[in-house]
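Residue numbers (this note's numbering): 557 to 796.
For each residue, glycine too, the CB sits at the ideal point set by N, CA and C.
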Ligand code: ZN
């Protein structure tokens, strides 16, 4: 089976469409949360994912937008964007987001937005942070999002190793347990503004990180029209 694994779409339809087009045919989409927040197309992004065979877990911005998390825990820009996204969301899409689980196990894989220890808020950025995360899931592999940074962490006997992400080529899933981040679709934060995604091939047991260019200016123009914060518009140019 061929899976498209993606995270942090953040209401950026141009980025999502570019990812779906380049990924081509897949058996299922696995979405690691934060469908909405920050960007200008919340309904379109939720509906696009719902139209595909998929599994999706909830992210902090999803529940912030639904008023299920305290918006005071978000920075001022994220808070404003959550409030704007909240006004836009249809009742049906709100119900869909409301129905999402925080933690999903599918065969050898666990799916969660933040970390297996703290599902919505904790970032897994470093080997240290990954090391203590391994105790909080039972499967060989765990996909996380939330950082908007592609990453691979491999559990070793006494510690954990961050393996450099080399895009556009298959990497075998190791016999050791792994925590894997596909990177962010709608607001990358690794200084590369291209949308990030990952292909999981369970026949060959490989993962493959990818980046794809998209029409950033289309998303930015919609954000301007919506009156979303300038800082959120500008950061898409830099991938930060
Ligand atoms: Zn996010």
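Leaving out five residues before and five after residue 769 in sequence, what residues of the same chain have Cβ atoms less than 6 angstroms from its Cβ? 750
Reference residue 736, options 753, 795 and 746, closest by Cα: 753
Suppose the cutoff is 7 angstroms on Cβ atoms and the five residues either side in sequence are ignored; what does the same chain contact list for residue 792 look like? Closer than 7 angstroms at Cβ, skipping near neighbours: 743, 749, 772, 775 and 776.
Tell me where the beta strand (DSSP E) around residue 666 begins and ends. Boundaries of the beta strand (DSSP E) around residue 666: 665 to 668.
Residue closest to residue 580, alpha-carbon to alpha-carbon, out of 593, 642, 788 and 561: 561
Taking DSSP as the reference, what is the three-state secondary structure of residue 581? DSSP places residue 581 in coil when its eight states are reduced to three.
Can you tell me which of 557, 690, 724 and 616 puts its alpha carbon nearest to the alpha carbon of residue 656? When only C-alpha atoms are compared, the closest one is 616.
Taking only heavy atoms of ligand 1 into account, decide whether any of them is closer than 8 angstroms to the Cβ of residue 654. no
Residue range of the beta strand (DSSP E) that includes residue 688: Judged by DSSP secondary structure, residue 688 falls outside any beta strand (DSSP E) and instead within the alpha helix (DSSP H) spanning 683 to 689.
Under the assumption that residue 602 contacts residue 652 (Cβ atoms under 8 angstroms), give the Cβ distance between them as a whole number of angstroms. 6 angstroms
Could you please give the first and the last residue of the uninterrupted beta strand (DSSP E) stretch that includes residue 558? 558 to 562
With residue 772 as the anchor, note down where its alpha helix (DSSP H) starts and where it stops. 772 to 782
Compute every distance between the C-beta of residue 564 and the non-hydrogen atoms of ligand 1, then say whether any falls below 8 angstroms. yes
Three-state class that DSSP yields for residue 709 in the structure shown: strand
Report the three-state DSSP secondary structure of residue 659 (helix, strand or coil). strand
Quick check on the burial criterion: 16 or more other C-beta atoms within 10 angstroms. Buried or exposed for residue 631? Burial is judged here by how many other beta carbons sit within 10 angstroms of a residue's own beta carbon; residue 631 has fewer than 16 and is exposed.
At which residues does the beta strand (DSSP E) containing residue 767 begin and terminate? Under the DSSP assignment, residue 767 falls in the beta strand (DSSP E) whose first and last residues are 762 to 768.
Separation of residue 733 from residue 719, as counted between CA atoms: 13 angstroms
Tell me whether residue 590, by its Cβ, gets closer than 8 angstroms to a heavy atom of ligand 1. Distances taken from the Cβ of residue 590 to the heavy atoms of ligand 1 include one shorter than 8 angstroms.
Does any heavy atom of ligand 2 sit closer than 8 angstroms to the C-beta of residue 765? This structure simply doesn't include ligand 2; it includes ligand 1 instead.
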